[in-house]
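Reviewing the structure listed below.
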Amino acid sequence: MKFLQFSMLLPPLVLAALLSFPMRASPHKDFLLCLSLRSNDSTSISNVIYTRNNSSYSSVLESTIRNLRFNSTDTPKPLVIVTPSRTSHFQATIYCARKHGLQIRTRSGGHDYEGLSYVAKVPFVVVDLVNFRSVDVDAENRVAWVQAGAILGEVYYRIAEKSRTLAFAGGIYYTIGVGGYISGGGFGLLFRKYGTGGDNVIDAQFIDVNGRILNRKSMGEDLFWAIRGGGGGSFGIVLAWKLILVPVPATVTAFSVSRTLEQNATQLILQWQDIAHQLPDEMNPDVTMFSINSTQDGRKTILPSFSSLFLGTIDELLPIMQQRFPQLGLSRQDCTEMSWIESILYYNQLQNQPLEILLNRTFQTPVGGQYFKIKSDYVKEPISETALNGLFSRLSDEEASSAIIIFMAYGGIMDRIPEDATPFPHRAGNLYKIYYNVNWQEQDNVNSQKYIDWARRVYSYMTPFVSKFPREAYANYRDLDIGSNNVKYASYAQAKIWGRKYFKNNFNRLVQVKTKIDPENFFKHEQSIPPSL
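Note that the sequence shown covers residues -16 to -1, 1 to 517 in mature numbering (1 follows the signal peptide of the UniProt record, and there is no 0).
Okay, structure coming up:
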C-alpha cells in the first residue's frame, strides 16, 4: 500500500524503472525510490537515471570504457548509472547510496587503467559526470573554471577560442577527463615547465559525504591539498576546478628521430639518460621503444624514437640540441613547427583534422590496442647497457609485438617543487619515468593473460634498476598488481603497501585528511585512501 501511495507521486520514468525490478525489497529499487523522493524535482532526476532495463543503459556505460578488458560479459556492471546535471543530483545520489548500502564509482573520462571508475565487486552505482562539463575561460586573468566531467580536449578547445598563447598544463590524450586527471596529479607536455595539473589548480568545488558543497576556503587547505593528486574516489566528488592558464609561445616545435639498435640506438639512450633531465624546461624529452622487423634480415629489432615538444621555434631549438646532444644529429627536417593547440592534434595523430574533433568525447585516442595493461617506474640512476639489452630482448618477445615502453624525462621545474607541495611526490631526484604498455586486439583477448604475464615479467626484471624503498609508481597509471584494499574493509596496513609507492611520505597525510572528511569510508575502491582506525 505504501508503495502504491508513493507511486502516484513518481514521474513515469522512475516508476517504470522501479516496476522493472522484482517487487521484493532490493537495494537498487529502494535507491531509486529514495532518489525520487530526495530530489527537489523528481522529473529532472528521472532524466539522468539509467537502469539495466533502460534502452540507453549499455550505450551510456560503454561510452567511455577506454580499456575493453573491463567490458566483458563477466565484468560486474552498475545497478544504476546516474548522470547528474545539477548539484542536487549529486547530493541525492550520495545520500541514497549511503542509506541503501551501495558503493559509488565516479567517472569523468573513463581512463582509469584498471576500470575502477566504472567497475566494482560489490553492488554499486556509477556517477558519470558527462553532463557536468562546462568550461568558462577568463583569458584576461589567465584562469578557467572547468567542471570535472569535461575532457581535456574541451578545455584546450575553449582556451584556444580565446587565446592561442595560453594553455593548461594538461595531458596529451584529449579524451582524458579533467576530474580524474587532476585527482591523480596530472602529467603532461608542459610538466617540466609548469608542473603537474594539480600544481596549476587554485580553487575547487567539491561535495563531501554529507552533501556539503565546499570550495577551497570552506574545505580548508588540507583537503584542498589532498584532492590535487591524492587519487580520485577517496574523499568525495570534485565538481569543478579553477585552473591557472599558463603562457605558451605562438610557435612550438615537435621533433622525432628514430634509430634502430643497429644504428647505434643503445649508445644514444645511454647518452640520453645523462642529458635529458638537464635539458631546458621548455622541452619534454622522451624515448619510445617498440619492436619492428629489421629491413636487413627480417629478424626483430628495437626502434627507439627520440622526441620532444619544444616551446619555441626550430631556429631556437637546433642550437640547443647541437650543443647539448649532438650525437642525436637532429636536423631541420626532423622538426615541425605548429601552434600549441595544433601540437595536441599532432600528438593524437590528428594533424589533418579540424580543432572541433577535440570536442569528440568518444574518439579512441592512440594508446595502442583497446585492450591493455599499464605499469610504471621511476629511475634515479642511469641504467647500464647490459640492463638495457635485457629490456630490449624482452621487447622482442612474441607477446610484445604491440608493446610500447617510454622513458619520460624529469628535471625542469619538477626538481624545484617540494615533494609535499601536493600528494604527487615524484619531484627532484628522478631522471625519468618509465611507462610500460602491453596491448592486444579483440581477436586475441582470449589470450589476454599471456600479455599481462609478459608485463609482470618485464616489471620484475626491471626491479634492480629502478627506484627502491618504495618502488615508486604514478597514481594515474593505476596498477592493482602493486597492492589493493579488501573490497569491503580497507586497513591502513593493506593500503600502505601500494599507497607509499604512489604517494611516498605524503600517504600518511592523505590518511589523516580521509579520516577527517570521510571517517566511515563511504568513498572507497580497491586503491582508495583508508581512514585511520
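All C-beta atoms in this analysis are idealised placements derived from N, C-alpha and C, irrespective of residue type, glycine included.
None of these values were measured; they are calculated from a predicted model.
{"query": "Quick one: residues in its chain with C-beta nearer than 8 Å to the C-beta of W424, no 5 flanking neighbours on either side, listed in chain order?", "result": "G353, Y355, F356, S386, N431, S432, Y435"}
{"query": "Please confirm if the stretch 78 to 91 is in contact with the stretch 8 to 17, defined as three or more CB-CB distances below 8 Å between the two stretches.", "result": "yes"}
{"query": "I156 by DSSP, collapsed to three states: which one?", "result": "coil"}
{"query": "If G220 and V193 are in contact, beta carbons under 8 Å, what's the gap, nearest whole angstrom?", "result": "6 Å"}
{"query": "If we ignore side chains and look at the alpha-carbon of each, how far apart do R53 and V103 end up?", "result": "11 Å"}
{"query": "Find out if the Cβ-Cβ distance for the pair F208, R196 is shorter than 7 Å.", "result": "no"}
{"query": "Can you find the residues in the same chain that come closer than 6 Å, C-beta to C-beta, to E504, ignoring five residues on each side of it along the sequence?", "result": "none"}
{"query": "What residue from N460, E383, K452, Q511 has the CA that sits closest to Y476's CA?", "result": "Q511"}
{"query": "Taking the straight line between their C-alpha atoms, what separation do you get for N51 and Q307?", "result": "42 Å"}
{"query": "Give the C-beta separation of V222 and A132 to the nearest angstrom, bearing in mind that I take them to be a contact with Cβ-Cβ under 8 Å.", "result": "5 Å"}
{"query": "Taking the Cβ atom as the reference point for each residue, do M267 and S292 lie within a distance shorter than 7 Å?", "result": "yes"}
{"query": "Does the separation of the CB atoms of T406 and R176 fall below 7 Å?", "result": "no"}
{"query": "Would a C-beta distance cut-off of 7 Å place V139 and V114 closer than the cut-off?", "result": "no"}
{"query": "Closer than 8 Å by C-beta to R441: which residues in its own chain qualify, once you throw out the five before and the five after it? Chain order, please.", "result": "R378"}
{"query": "Quick check on the burial criterion: 16 or more other C-beta atoms within 10 angstroms. Buried or exposed for P68?", "result": "buried"}
{"query": "Please list, in chain order, all residues of the same chain as H509 whose beta carbon is under 6 Å from its beta carbon, the five residues on each side excluded.", "result": "L100, G217"}
{"query": "DSSP three-state call for M273: helix, strand or coil?", "result": "strand"}
{"query": "Pull up the DSSP beta-bridge partners for N421, would you.", "result": "I358, I388"}
{"query": "Exposed or buried, what is Y473 when buried is set at 16 or more other beta-carbons lying within 10 Å of its beta-carbon?", "result": "exposed"}
{"query": "Run through the stretch 225 to 261 for me and flag every whole alpha helix (DSSP H) of 4 or more residues, listed as ranges in chain order.", "result": "249 to 259"}
{"query": "Decide if the stretch 143 to 150 is in contact with the stretch 163 to 175; the criterion is three or more beta carbon pairs, one per stretch, under 8 Å apart.", "result": "no"}
{"query": "Between Q496 and S516, what straight-line distance do the alpha-carbon atoms span, to the nearest angstrom?", "result": "7 Å"}
{"query": "Less than 7 Å between the C-beta atoms of I49 and H95, yes or no?", "result": "no"}
{"query": "Would A479 and P514 qualify as a contact pair, given that the criterion is a beta-carbon distance under 7 Å?", "result": "yes"}
{"query": "Would you call P25 buried or exposed, if buried means 16 or more other Cβ atoms sit within 10 Å of its Cβ?", "result": "The sequence given here has Asp at residue 25, not Pro. The residue in question, D25, is exposed, as its Cβ has fewer than 16 Cβ neighbours within 10 Å."}
{"query": "Across which residues does DSSP place G161 in a beta bridge pair?", "result": "I135"}
{"query": "Taking the alpha-carbon of F294 as reference, which of L229, F108, T235 has the nearest alpha-carbon?", "result": "T235"}
{"query": "Can you list, in chain order, the residues of its chain with a C-beta nearer than 7 Å to that of K498? Leave out the 5 residues immediately preceding and following it.", "result": "S218, F219, I513, P514, P515"}
{"query": "Judging by CA-CA distance, which residue of R148, D112, R126 is the nearest neighbour of I135?", "result": "D112"}
{"query": "Quick one: Cα of F391 to Cα of I418, how far?", "result": "5 Å"}
{"query": "Taking the Cβ atom as the reference point for each residue, do V130 and L227 lie within a distance shorter than 7 Å?", "result": "yes"}
{"query": "Return the residue from the list N332, F108, E383 that minimises the CA-CA distance to R91.", "result": "F108"}
{"query": "With a CB to CB cut of under 8 Å and the five nearest residues on each side skipped, what residues in its chain are close to D404?", "result": "N489, N490, R493"}
{"query": "Which residue marks the beginning of the beta strand (DSSP E) containing V114, and which one marks its end?", "result": "Taken as a continuous stretch (DSSP letters only), V114 belongs to no beta strand (DSSP E), as it is neither H nor E."}
{"query": "DSSP state of F5, grouped into three classes?", "result": "With a pLDDT of only 49 at F5, under the threshold of 50, the placement of this residue in the model should not be trusted; the figure read from the coordinates follows. DSSP places F5 in coil when its eight states are reduced to three."}
{"query": "For the candidate residues V232, V471, V127, N460, whose alpha-carbon lies nearest to that of F487?", "result": "N460"}
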